[in-house]
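Chemist:
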Amino acid sequence: MGNISPISHPDRPSRAGDPLPNPLVTPVDVDVLRQVNMSLTRNLDFCQSGEGSKAWSEVLGLREDFKSHLAWVMGLGRLSETFSRHAVPNYLVRVLHPLSQSLRVNLLLGMLPDCFLEVRALTEQLARAFQADLKFSKEASFTSKLSRLDVREPSLYKLTGETDTSVLPLLSELGHGWVRMDQPLTGMGASLPVSAASTTYTSRDVPELLRLTSAVKRFRELLSKTMNQWSSRLEKKDSSPAAQQS
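The sequence shown begins at 837 in our numbering and counts up by one.
1. Fully enclosed by the region 948-1007, which alpha helix (DSSP H) runs are 4 residues long or longer?
2. Within 10 Å of its beta-carbon, does L915 have 16 or more other beta-carbons around it, so buried, or fewer, so exposed?
3. So for G946, helix, strand or coil by DSSP?
4. Only counting the same chain, and skipping five residues up and downstream in sequence, which positions put a Cβ closer than 6 Å to that of L1004?
5. Can you tell which of S936, N1064, F966 and A965 has the C-alpha that lies nearest to the C-alpha of L953?
6. Which value, in whole angstroms, describes the spacing of the CA atoms of T1022 and N879?
7. What does a CB cutoff of less than 8 Å around V931 pick up in its chain, not counting 5 residues either side in sequence?
8. What's the call for R1054, buried or exposed, on a 16-neighbour Cβ count within 10 Å?
9. From the DSSP output, in three-state form, read off H905 for me.
10. Closest by CA to S885, which one among D969, H933 and Y1037?
11. How would you call W1066, buried or exposed, if buried means at least 16 neighbouring beta carbons within 10 angstroms?
12. How about A891 and L1048: do their beta carbons lie closer than 7 Å?
13. Report yes if the CB atom of D969 is closer than 7 Å to the CB atom of H905, and no otherwise.
14. Drop a sphere of 10 angstroms on the beta-carbon of S973, count the other beta-carbons inside from all chains shown, and report buried for 16 or more, exposed for fewer.
15. Take E1057 as the anchor and find which of V955, L943, L1046 and C951 has the nearest alpha-carbon.
16. Under the assumption that R940 contacts V895 (Cβ atoms under 8 Å), give the Cβ distance between them as a whole number of angstroms.
17. Assign D847 to one of three DSSP states: helix, strand, or coil.
18. Mind checking M947: buried by the 16 CB within 10 Å criterion, or exposed?
19. Leaving aside the five residues before and after L995 along the sequence, list all residues of the same chain whose C-beta is less than 8 Å from its C-beta, in chain order.
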């Protein structure tokens, strides 16, 4: 018979010469998980019925927006062609879907800097997808559209302005003034001694929660406006004589 490894007994103290145990979960991990669980419980109550309810409502509304826009795209038919050729449908499933989920989780964890970063990314990538479909409509794939756009205009700020100039003030707000470099990245200017995995909301966070509420609301308006523009261009293209003959 071959060599048989001895059965490991984690609870048994190691003998002299035995390798030291290497636990997968350390006391620090346990403490972080405990803190996360506590923050989730308290923040959920704060967001559902407390002063964070407006932000919570907008974030949940964004999830519903995703479902609504995706359902419309799925109703177009020709899904293989739609997703292979167009950047905006891919934005919905590759960017909006995961980031709107992450936004909800980070809001519950009290990670407001992450929330603002996610809204900025959602805004910039929406503009990138829309401009790629608009400027390179003859390209056969959405990846080639994005590649050509990135070469022509690498500035996401400029692309966003070309999509809707009214959103530029929002983009500036999302990029500045919401985090202090001399303090840990655990909240909007939080003065904790060490960086934490989560933060429990207090009344001091209400102004930043209201800023996040406004940011998500304005992004939702941009998303709706952009999707309407994209769908109208798609319908116009499909109804053109060249499209009907093909």
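Note that CB positions come from ideal geometry on N, CA and C, so glycine has one too.
Here the structure is a predicted model, which is why all the values come from computation and not from measurement.
Modeler: Let me spell this out:
1. 948-971, 978-988 and 992-999
2. exposed
3. coil
4. G997
5. S936
6. Note that T1022 has pLDDT 39, beneath the 50 cutoff, so the model's placement of it is unreliable and the number below is only indicative. Each residue's Cα considered, the two are about 15 Å apart.
7. A957, L958, Q961, L962 and A965
8. buried
9. helix
10. Y1037
11. buried
12. yes
13. no
14. exposed
15. V955
16. 5 Å
17. Residue confidence is low: D847 scores 48 on pLDDT, short of 50, so the model does not pin down where it sits. No coordinate-derived value is stated.
18. buried
19. E960, A963, R964, Q967, L985 and E989
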